[in-house]
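When you read off a place in the sequence shown, starting at 1, and then add 38, the result is the number in the numbering used here.
The beta-carbon is built from N, C-alpha and C at its ideal position, and this holds for glycine as well.
Just so it is clear, the structure is predicted and the values come from calculations on it, not from any experiment.
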Amino acid sequence: METIIPVKLPENSYKIVIKPGSLSVIGDYLTPLKLGQKILLVSNPEIFNFYGETVVNSLTQNGFEVFIHLIPAGEQFKTLSQIEKVYDSALTHRLERSSTLLALGGGVIGDMTGFAAATWLRGLNFIQVPTSLLAMVDASVGGKTGVNHPLGKNLIGAFYQPKLVLIDPEVLTTLPEREFRAGMAEVIKYGVIWDDNLFAQLEQCDRLSSFSDLTPELLQTILTRSCQAKADVVGQDEKESGLRAILNYGHTIGHAVESLTGYSLVNHGEAVAIGMEVAGAIAVKLNLWNCMDAKKQNQLIVKTGLPTQIPTGVKIEDIINSLSSDKKVKAGKVRFILPTKIGEVLITSEVSNDLIREVLTENSNYSIFC
Ligand code: GLY
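As structure tokens, then:
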């Protein structure tokens with residue numbers, strides 16, 4: 039079962055390949071891309087332990103010369119000083135413009151490797167091999183690369199597209215369940231913002247909270263429809279001058295929750311789930327969205343084992359203050375992505391702080407609305 043999704047861009051189009059078992063034959067996918075001989079594989083120690091040998095063996099069999107650079111796991115290492123160490127490796131191994139940086143890992147590794155690839159020698163080839171569900175359906179596609187600044191996440195970065203995204207769903211067997219659920223938040227997001235069919239298929243599942251709940255066919259469908267949604271959106275607006283902002287559905291409140299809980303208590307996907315719940319409730323209050331659809335979204339989030347409530351201890355006024363410092367603020371106004379029906383959203387800056395306060399106080403209690 040191999041699915042190929044083209045990401046069609048004005049320049050630098052590429053393919054997403056989704057195929058179980060593809061990691062062990064990754065060299066076969068890279069050879070036709072006519073890359074130079076040298077590949078610097080960037081990963082973290084844990085992921086490299088699981089999959090490094092498989093990848094290196096296949097690349098070597100296909101005539102590539104492979105070097106390894108490991109970055110410790112964790113968001114706290116997504117820094118410019120770690121990027122300098124990647125540059126050191128690139129220098130040590132005498133990488134040239136025709137050489138390739140290959141990211142084997144989750145979103146942090148993909149974002150960092152892409153940024154190093156964008157900037158070393160003004161641009162090396164870049165390959166994405168995502169190993170988390172979140173990276174498969176979101177971070178690896180679309181060319182957002184970067185690192186954190188001490189004052190904010192992903193403030194330093196570049197749009198830099200990979201030459202290929204290779205997804206082997208079998209690697210999800212080693213993904214911790216909490217990380218799997220975090221990725222499912224982005225999958226639900228695609229259902230709400232773009233693909234009502236995906237939403238309906240998720241609704242039909244009895245269980246969705248762990249990798250073992252999904253048949254290989256359903257997993258392939260989830261990956262395919264999510265990546266297709268992202269490819270469609272990025273294909274229409276690569277640099278986020280308009281439409282691409284819809285991918286931030288749930289992220290406005292989500293980022294505030296992440297930052298106010300120190301990026302540790304609540305992970306990104308959990309924060310997005312809470313953010314979708316709040317955005318859905320705001321849309322209902324504004325008469326943009328049918329309450330029953332908001333309830334369906336809530337049921338899907340709950341079935342996936344994701345949170346829907348603002349964590350205790352996080353103050354409503356702190357959330358409101360934090361919104362104004364978010365990257366999504368435009369001309370001083372906080373932008374919200376709000377659903378109008380399953381599969382469609384709009385972008386608006388017309389949500390008052392009073393309404394946000396009201397919804398956060400009611401804590402998305404749908405029995406109040408419906
Ligand atoms: N993760 C949102 C985007 O790629 O635009």
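Any idea if residue i is buried or exposed, counting beta-carbon neighbours within 10 angstroms, 16 or more meaning buried?
i: lysine 379; result: exposed
i: glutamate 224; result: buried
i: lysine 72; result: exposed
i: leucine 129; result: exposed
i: glutamine 242; result: exposed
i: glycine 59; result: exposed
i: glycine 307; result: buried
i: aspartate 206; result: buried
i: glycine 288; result: buried
i: methionine 222; result: buried
i: lysine 182; result: buried
i: threonine 253; result: exposed
i: serine 119; result: exposed
i: glutamate 315; result: buried
i: leucine 159; result: exposed
i: lysine 277; result: exposed
i: threonine 290; result: buried
i: glutamine 258; result: buried
i: methionine 150; result: buried
i: histidine 187; result: exposed
i: serine 264; result: buried
Which residue marks the beginning of the beta strand (DSSP E) containing residue i, and which one marks its end?
i: alanine 196; result: 190-197
i: tyrosine 287; result: No beta strand (DSSP E) contains tyrosine 287, which DSSP labels as neither H nor E.
i: histidine 187; result: 182-187
Starting from residue i, follow its DSSP beta bridges and name the residues at the other end.
i: isoleucine 106; result: Leu79
i: leucine 384; result: Leu376
i: phenylalanine 164; result: Leu139
i: valine 203; result: Ile54, Gln166
Is residue i near the ligand GLY, judged by its Cβ being under 7 Å from some heavy atom?
i: serine 182; result: For clarity, residue 182 is lysine in the given sequence; the question names serine instead. Correct: lysine 182 has its Cβ closer than 7 Å to the ligand GLY.
i: glutamate 278; result: yes
i: arginine 282; result: yes
i: leucine 285; result: yes
i: aspartate 176; result: yes
Determine whether the beta carbon atoms of residue i and residue j lie at a separation below 8 Å.
i: asparagine 192; j: glycine 143; result: no
i: isoleucine 394; j: isoleucine 358; result: yes
i: threonine 41; j: threonine 262; result: yes
i: glycine 184; j: phenylalanine 153; result: yes
i: phenylalanine 237; j: glycine 229; result: yes
i: tyrosine 52; j: leucine 189; result: no
i: leucine 140; j: valine 175; result: no
i: isoleucine 165; j: proline 200; result: yes
i: isoleucine 77; j: leucine 108; result: no
i: valine 69; j: asparagine 100; result: Before going on, a small fix: residue 69 reads as threonine here, not valine. Against a cut-off of 8 Å, the Cβ pair of asparagine 100 and threonine 69 comes out as a contact.
i: isoleucine 85; j: threonine 169; result: yes
i: valine 32; j: glycine 313; result: Residue 32 is absent from the model: the chain starts at 39 and stops at 408.
i: leucine 172; j: alanine 220; result: yes
i: tryptophan 327; j: valine 271; result: no
i: threonine 346; j: leucine 246; result: no
i: cysteine 408; j: lysine 334; result: no
i: valine 55; j: leucine 204; result: yes
Where do the ends of the alpha helix (DSSP H) carrying residue i lie?
i: proline 44; result: Segment 41-45 is the beta strand (DSSP E) holding proline 44; no alpha helix (DSSP H) there.
i: tyrosine 52; result: Run containing tyrosine 52: none in the alpha helix (DSSP H); it sits in the beta strand (DSSP E), 52-56.
i: leucine 261; result: 254-274
i: valine 225; result: 215-231
i: lysine 123; result: 118-130
i: tyrosine 67; result: 64-68
i: asparagine 328; result: Per DSSP, asparagine 328 belongs to no alpha helix (DSSP H) and is neither H nor E.
i: isoleucine 348; result: Isoleucine 348 -> no alpha helix (DSSP H), and no H or E assigned at all.
i: valine 397; result: 391-400
i: glycine 148; result: 145-157
i: leucine 100; result: Correcting the residue type first, residue 100 is asparagine in the shown sequence and not leucine. First-last for asparagine 100: undefined, no H or E at that position.
i: glutamine 114; result: Run containing glutamine 114: none; DSSP gives neither H nor E here.
i: phenylalanine 237; result: 234-242
i: serine 360; result: 354-361
Confirm the yes/no value for this check: CB of residue i, any heavy atom of the ligand MN, distance under 7 Å.
i: phenylalanine 164; result: Annotation note on the ligand MN: not contained in the displayed structure, which lists the ligand GLY as its ligands.
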